[in-house]
Amino acid sequence: MRTPIAYFVFLSGILFALGTVGVLLRKNALLIFMSVELQLNAVNLSLVAFSRMHNELDGQILAFFSMVVAAAEVVVGLAIIVSIYRRRQSVNVDDVRELRW
Amino acid sequence: MPLDNVVFWVFAPISIASAIGMLVMRNAVHAALFLVVNLFCVAVMYLLLDAPFLFAVQIIVYAGAIMVLFLFVIMLLGVDRGDDLRERLLAQRPLAILLAIAFIAEIFVAVRAGIGFATKAPDGFDAVNEGGNARALAEVLFRDYFLPFEITSILLIIAAIAAMVLAQRRARVITQAELEQRRSPSTDRGSAVDDVDVAEVPR
Numbered sequence: 178m179r180t181p182i183a184y185f186v187f188l189s190g191i192l193f194a195l196g197t198v199g200v201l202l203r204k205n206a207l208l209i210f211m212s213v214e215l216q217l218n219a220v221n222l223s224l225v226a227f228s229r230m231h232n233e234l235d236g237q238i239l240a241f242f243s244m245v246v247a248a249a250e251v252v253v254g255l256a257i258i259v260s261i262y263r264r265r266q267s268v269n270v271d272d273v274r275e276l277r278w
Numbered sequence: 532m533p534l535d536n537v538v539f540w541v542f543a544p545i546s547i548a549s550a551i552g553m554l555v556m557r558n559a560v561h562a563a564l565f566l567v568v569n570l571f572c573v574a575v576m577y578l579l580l581d582a583p584f585l586f587a588v589q590i591i592v593y594a595g596a597i598m599v600l601f602l603f604v605i606m607l608l609g610v611d612r613g614d615d616l617r618e619r620l621l622a623q624r625p626l627a628i629l630l631a632i633a634f635i636a637e638i639f640v641a642v643r644a645g646i647g648f649a650t651k652a653p654d655g656f657d658a659v660n661e662g663g664n665a666r667a668l669a670e671v672l673f674r675d676y677f678l679p680f681e682i683t684s685i686l687l688i689i690a691a692i693a694a695m696v697l698a699q700r701r702a703r704v705i706t707q708a709e710l711e712q713r714r715s716p717s718t719d720r721g722s723a724v725d726d727v728d729v730a731e732v733p734r
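Shown next as structure tokens:
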């Protein structure tokens with residue numbers, strides 16, 4: 178294991194930034210959701226990298242928990258998207274404007 | 532050049548390229564497939580970081596289960612409708628890209644100031660992974676993190692029930708008279724039941 182830890186952390190930062198761009202630019206709720214998954218993954222990568230850096234397993238445990246929570250979040254989020262689609266035949270976030278001021 | 536460096540420099544560009552590919556694809560299925568590539572590359576990074584258990588979990592849970600769920604929902608909602616990329620806010624796209632570049636620069640500065648780009652991982656992780664990564668993780672998980680683990684199982688049950696409640700269509704049994712009314716196009720009262728699932732009742 179000779180690759181510097183900072184490379185992994187920096188890679189995770191790049192992936193997080195790309196996920197942020199996806200959340201800000203896409204209109205399809207499903208694609209926004211995928212970008213959120215990308216961000217979650219980036220954070221997991223940095224957690225595992227820090228776990229390796231400090232010779233502790235707690236970071237890996239935290240990444241494991243975050244995977245579980247991400248799975249639960251995907252299930253609920255996709256169900257919400259499906260029910261929005263049923264109601265208005267669209268998953269474009271610009272069309273869902275009830276809560277907008 | 533050591534082998535893990537080679538693996539890193541092969542898979543890191545692929546992961547970044549697939550993330551960008553996910554952002555620019557109009558078709559949701561293509562974006563999902565790019566995301567699978569990205570998740571796989573991140574899994575390889577876990578392997579490089581001596582976390583083989585998370586490598587397996589990442590591929591099984593993320594690239595397997597979650598992406599299948601995503602693709603299933605994409606198919607359910609219709610594949611052919613592309614994403615509408617027209618911006619309604621004037622400066623959103625340049626601002627978003629600027630924000631991302633600023634964020635990457637900030638991470639670069641923070642990482643260089645914080646841990647430094649030359650810091651190698653310390654030796655002695657084999658002692659932490661005594662008896663294999665999965666075994667060591669299990670010891671930490673079921674001793675120090677037992678309560679969060681149990682709470683997580685409750686969370687998963689709640690999520691499953693919530694998904695069922697949210698996604699279920701309100702089906703109701705309609706009577707034979709209503710069915711006759713639906714079948715005859717002359718009456719206009721039949722349209723009231725068009726949006727519910729119809730379970731036909733046998734006589």
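Protein chains in written order, with the working numbering: chain A, 178 to 278; chain Z, 532 to 734.
Note that CB positions come from ideal geometry on N, CA and C, so glycine has one too.
Here the structure is a predicted model, which is why all the values come from computation and not from measurement.
Between which residues of its own chain and residue i is the CB-CB distance below 6 Å, once the five residues before and five after are set aside?
i      : result
Z:L602 : A563
Z:D657 : none
A:L224 : G236, L239, A240
A:N221 : A240, S243
A:A247 : L217
Z:L534 : none
Z:N569 : S546, S549, A550
Run the CB neighbour count on residue i, radius 10 Å, all protein chains shown included, and call it buried at 16 or more, exposed below.
i      : result
Z:A596 : exposed
Z:F542 : buried
A:F187 : buried
Z:S684 : exposed
Z:M576 : buried
Z:S546 : buried
Z:D581 : buried
So with CB distances below 9 Å, who are the chain A contacts of residue i?
i      : result
Z:A594 : By Cβ distance, chain A contributes nothing, its closest Cβ being about 10 Å from Z:A594, past 9 Å.
Z:L629 : In chain order: nothing, as chain A lies at least about 10 Å away.
I want to verify the contact list: residues of chain A whose CB lies under 8 Å from the CB of residue i, in sequence order.
i      : result
Z:L554 : L195, V198, G199, L202, R203, S212
Z:R624 : L202
Residues in the same chain with beta-carbon distance under 8 Å from residue i, minus the five sequence neighbours each way, listed in chain order, please.
i      : result
A:L201 : none
Z:A641 : none
May I ask which residues mark the beginning and end of the alpha helix (DSSP H) holding residue i?
i      : result
Z:E709 : 707-714
Z:N664 : 664-674
Z:V537 : 534-555
Z:V696 : 677-698
Using a Cβ cut-off of 8 Å, pull out every chain Z residue sitting near residue i, in sequence order please.
i      : result
A:V139 : Summary: the structure shown does not reach residue 139 of chain A, with chain A confined to residues 178 through 278, and so no result is reported for it.
A:L215 : A550, M553, L566, N569
A:L188 : A543, S546, I547, M576
A:V270 : Correct list: empty, because the minimum Cβ distance to chain Z is about 10 Å.
Using C-beta distances below 7 Å, list every residue in its chain close to residue i, excluding the 5 sequence neighbours before and after it, in chain order.
i      : result
A:G254 : F210
A:K204 : N269, V270, D271
A:R229 : I182
Can you pull the chain Z residues whose beta carbon is under 7 Å from the beta carbon of residue i, in chain order?
i      : result
A:S260 : L697, A698
A:R179 : P533, D535, N536, K651
Run down chain A in chain order and give the residues with a C-beta less than 7 Å from the C-beta of residue i.
i      : result
Z:F673 : Residues of chain A passing the Cβ test: none, with the nearest at roughly 11 Å.
Worksheet entry | alpha helix (DSSP H) runs wholly inside the segment 572-660 of chain Z, at least 4 long, in chain order | 583-588, 598-608, 623-645, 656-659
Worksheet item: Of all the alpha helix (DSSP H) runs that stay within the bounds of the segment 179-203 of chain A, which reach a length of 4 or more residues?
Response: 182-202
Discussion item. For a minimum of 3 consecutive residues, which ranges assigned as the beta strand (DSSP E) are wholly contained in the segment 230-269 of chain A?
Written reply: none
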